[in-house]
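For the sequence shown, the residue numbers in this note's numbering are 471 to 1016.
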Amino acid sequence: MQTSQKHRSAGIHGFYHQPVQEMDPYGLSHIQILDKTMYSDAGSQGTSVSFETCLGQYFTLESSSATAGFVVYDSPAASISSNRSPFSSQGSHSCISDPHHSPENIYGSPLSGSSSADDGNILRQKLRELEVSLLGPESDITDSGSFCFVSGGYHAEPYASWDWNQMMEMIPRLDLKHVLLACADAVSNADIQRSAGLMHVLDQMVSVSGEPIQRLGAYMLEGLRARLELSGSKIYRALKCEAPISSDLMTYMGILYQICPYWKFAYTSANVVIREAVEYEPRIHIIDFQIAQGSQWILLMQMLACRPGGPPAVHITGVDDSQSAHARGGGLDIVGQRLSKVAESCNVPFEFHDVAMDGCEVQLEHLRVQPGEAVVVNFPYVLHHMPDESVNTWNHRDGLIRMVKSLSPRIVTLVEQESNTNTKPFFPRFIETLDCYAAMFESIAAGGSMDVKQRINAEQQCVARDIVNMIACEEAERVERHELLAKWRSRFTMAGFNQYPLGSSATTAVKDLLKEYHRDYSVQERDWALYLRWRDRDMATSSAWR
């Protein structure tokens, strides 16, 4: 399972990731992810399920238009459409789960990503309870957390002879997250028969038009199917092929950009610290490794224009790739022209330089840094795409950080999703992905009412590919490789950087921003960085280095 290293995402996760439209006339933001709709039959009716029946029906990937419909599951033969997103929806509660289960308790569950022995035992117990509910008391769980039968060894017959009429009656009482975990466990252990049976159950529980956890479940189920069929690379490539027209993609990203604060958090926090760091500099060179539509620099130039003594000369180098160009509807010259008009209106001396290549390919000579320039480097939700030492010996991630250090930058800003999916083995990574994106989907759902079809398209076009990539792919093909701030701190420190504290000014600016959003968003100033939180979970971090 391998996918191209050129992948860029729109998610936090995500969202998994870039905004599409700003409120001002120049603020079109970049869309990193090009996702596709995925459809699959939920399985054939009858009393038996085989590997060929269940897994031969994995979703085919086609672009959906803004008018695409959605599917509700009424029978084992219903079709299912799957999508994924960098920001997860409401808690752990599914409309078909236990009605007394409180979504407020989601992050206290084993899904919180803890690796403690107690949480591991709780998870195994939950999987045991699910196994018993599906198969009866004859089943058991091994010490490693995988299922087997007490009677001695694994036998496929019980799965093939499930009473599906009885199963349909049981489904409303099952917890969707527990079934997803059981299925991931089966896939992790290459247990084809059990995987097929659990996927058939999941087909009846997930829906891209349902509750947040059902929508997320649809995308995660597709990732599991692709992994089991070793088709992760094929699905991932298909997700990149038939992108919607750029105007539609802009619309979908604009929806998420307006209802979720993830990109505005990145822009706002970074701009405050950049303005402080270059307060007295006459010449500024900003190198943005994810330039998008240049929206962030519109706001900064407007602030610099008001600087006592007059604005500095601003030189911006934008790094970009071909997928961003598709989302934009053209090359980086569009961004340069837009920013030039803004600079002219603000009387800011301005120069734009484009570097149309993947960040891994950038060399010092591409950046054209001139003597006397105060260098600013911006990494907004982009470094996690760079392969590190766990992928290849080139270690582009650390290599890029070291190259930036050689520029002696005045400040480097880093914003990343606070998640650990880089080096974790498959099953712990699945748990982390489920936990993080559940919170993201919940925050999307809390963003206000929107047309169901628009929301489906926005989620699938902006996030689905990230989720499939994290679940279905490995090695160089898995490009969604998030790390926690503690790991980023280690990387930057080893490259010779010192952390620059984000203080009260940045915190106040982000708090003012969050007044426009749901009350369950918050920001915390911790360890010289800012943490954007949804309820009790850290979603993204903003830090600065010099």
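Using N, Cα and C, we set each Cβ at its ideal position, and we do this for glycine too.
- The beta-bridge partner set that DSSP reports for Ala1014 consists of Thr883, Tyr970.
- Per DSSP, Phe759 lies in no alpha helix (DSSP H) and is assigned neither H nor E.
- Assigned with DSSP and collapsed to three states, Val845 falls in strand.
- Leu870 counts as buried, since no fewer than 16 other beta carbons sit within 10 angstroms of its beta carbon.
- For Val657, the closest alpha carbon among the candidates Glu835, Leu700, Asp997, Thr1011 is that of Leu700.
- The C-beta distance from Leu686 to Leu672 rounds to 12 Å, too long to fall under 8 Å, and the pair is not in contact.
- Put simply, the backbone Cα of Arg996 is about 22 Å away from that of Ser913.
- Residue burial is scored here from C-beta neighbours: Ser974 has fewer than 16 other C-beta atoms within 10 angstroms and is therefore classed as exposed.
- Rounded to whole angstroms, the gap between the alpha carbons of Gly693 and Ala942 is 5 Å.
- Buried is the label assigned to Trp1004, since at least 16 other Cβ atoms lie within 10 Å of its Cβ.
- By the 16-neighbour rule on beta-carbons within 10 angstroms, Pro778 is exposed.
- If you compare the alpha carbons of Val852, Ile756, Pro781, Asp1008 with that of Glu888, the shortest gap goes to Asp1008.
- Residue state for Met669 is assigned as helix, using DSSP reduced to three classes.
- Secondary structure remark: continuous beta strand (DSSP E) runs of at least 3 residues inside the region 934-1006, in chain order: 991-996, 999-1004.
- Pairing Ala775 with Asn817 gives a Cβ-Cβ distance under 8 Å.
- Note on Leu802: 16 or more other CB atoms within 10 angstroms of its CB, so buried under the neighbour-count rule.
- In the structure shown, Gly779 falls within a coil segment according to DSSP collapsed to helix, strand and coil.
- Pairwise C-beta distances place the region 843-851 in contact with the region 749-769, as three or more of them are shorter than 8 Å.
- Distance from the CA atom of Met940 to the CA atom of Ala666, rounded to whole angstroms, is 20 Å.
- In the assembly as shown, Leu698 is a buried residue. Its beta-carbon has 16 or more other beta-carbons within 10 Å.
- Annotated three-state conformation of Asp645 is coil, per DSSP.
- DSSP, reduced to helix, strand and coil, places Val839 outside both helices and strands of the structure shown, so it counts as coil.
- If you look at His866, you'll find it isn't in any beta strand (DSSP E); it sits in the alpha helix (DSSP H) that goes 866-875.
- By the C-beta criterion, the region 873-888 is judged to be in contact with the region 730-749, since at least 3 inter-stretch pairs fall below 8 Å.
- As a beta-bridge residue in DSSP terms, Thr787 pairs with Ile757, His823.
- Setting aside the 5 residues that flank it on each side, His855 is surrounded in the same chain by Val949, each with a C-beta closer than 6 Å to its C-beta; the list follows chain order.
- Only residues of its own chain outside the window of five on either side were considered, and among them Ser658 have a CB closer than 6 Å to the CB of Phe896, listed in chain order.
- Residue pairing by DSSP puts Asp1008 in a beta bridge opposite Arg1003.
- A Cβ-Cβ contact shorter than 8 Å links Val938 with Ala696.
- The DSSP-derived three-state label of Pro850 is strand.
- A Cβ-Cβ distance of about 5 Å is found for the pair Val789 and Val825, placing them in contact under the 8 Å criterion.
- Secondary structure at Gly693: helix, using DSSP grouped into helix, strand and coil.
- Boundaries of the alpha helix (DSSP H) around Gly806: 802-816.
- Between Val805 and Ile761, the gap from beta carbon to beta carbon is short of 8 Å.
- Rounded to whole angstroms, the separation of the alpha carbons of Thr721 and Gln931 is 10 Å.
- The region 963-978 makes contact with the region 726-742; the number of CB pairs closer than 8 Å reaches 3 or more.
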